[in-house]
Amino acid sequence: MSLRICILETDVLRPELVDQYQGYGQMFQRLFSQQPVAAEFVVYNVVQGQYPSDDEQFDAYLVTGSKADSFGTDPWIQTLKTYLMDRYQRGDKLLGVCFGHQLLALLLGGKTERASQGWGVGTHRYKLAAKAPWMNPVMEELTLLISHQDQVTELPENATVIASSDFCPYAAYHINDQVLCFQGHPEFIHDYSRALLEIRQQHLGEKIYSQGVASLEQEHHGTTVAEWMMRFVAHKPTTTPTA
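Following UniProt numbering, the numbering of the sequence shown begins with 1 at its first residue and continues without gaps.
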């Protein structure tokens, strides 16, 4: 039986990117179609006020990336935070990427802010700091495409770091069997990252831009992370029977 995932899309792509890439919801659906765990997806753009009806049932809720700051005060962000806290308190599984990774950390007691390290772009490599049953296939290191100038600087109290680097110490974390988040973008492809770099070239400066473009020669593990996410959703923790 397929997993049923609600994608809470937290951005509208720039006009020059829409024809080719549609939106982050579509990008995630394309990504997840390449992994072996059967799943179906419904996309709601929360910037435009779209949410599931109360009678819809999902196995997990995925919060996408966004141009917005997770610590922003836009009304749609406040609405989303209220919605996610309600889902968390109900025990629903929550997934977050980039903005979603940061927003869930902030919502659950951590801290997110503009990073003193500056922009992270292109391909980035992380050390894996934890292992879990759903992290299959097993990896020694993780490489993902990134595009962010904000970071999680303090994790929620009950969070476990999964992946880290000197540039981004809290690059991925999970909270028990309920929350799983990644700073990097498993749904990105090299062409999309290159398009973002072109758009932001002047803002980034020549050094960061050039390094970012050069790093796109490396492969990334987006499909592996997609599989981890779906295995995380499908995972049923074993409980020790009491006497």
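Glycine is no exception: its CB is placed at the ideal position from the N, C-alpha and C atoms.
Scanning the segment 85 to 163 from its first residue to its last, the whole alpha helix (DSSP H) runs of 4-plus residues come out as 99 to 107.
One Cα belongs to residue 94, the other to residue 208, and the distance between them is close to 32 Å.
By the Cβ neighbour-count rule, residue 203 is exposed, with fewer than 16 other Cβ atoms within 10 Å of its own. For residue 4, the enclosing beta strand (DSSP E) begins and ends at 3 to 9. Check the Cα spacing between residue 184 and each of 192, 79 and 65: the tightest is with 65. When the beta-carbon positions are compared, residue 34 and residue 234 stay at least 8 Å from each other.
Rounded to whole angstroms, residue 23 and residue 12 show a C-alpha spacing of 7 Å. In terms of Cα proximity to residue 125, the closest of 86, 60, 17 and 221 is 221. Remark: three or more beta-carbon pairs, one from each stretch, lie closer than 8 Å, so the segment 168 to 187 and the segment 81 to 97 are flagged as touching.
When secondary structure is reduced to three states using DSSP, residue 187 falls in the coil class, being assigned neither helix nor strand.
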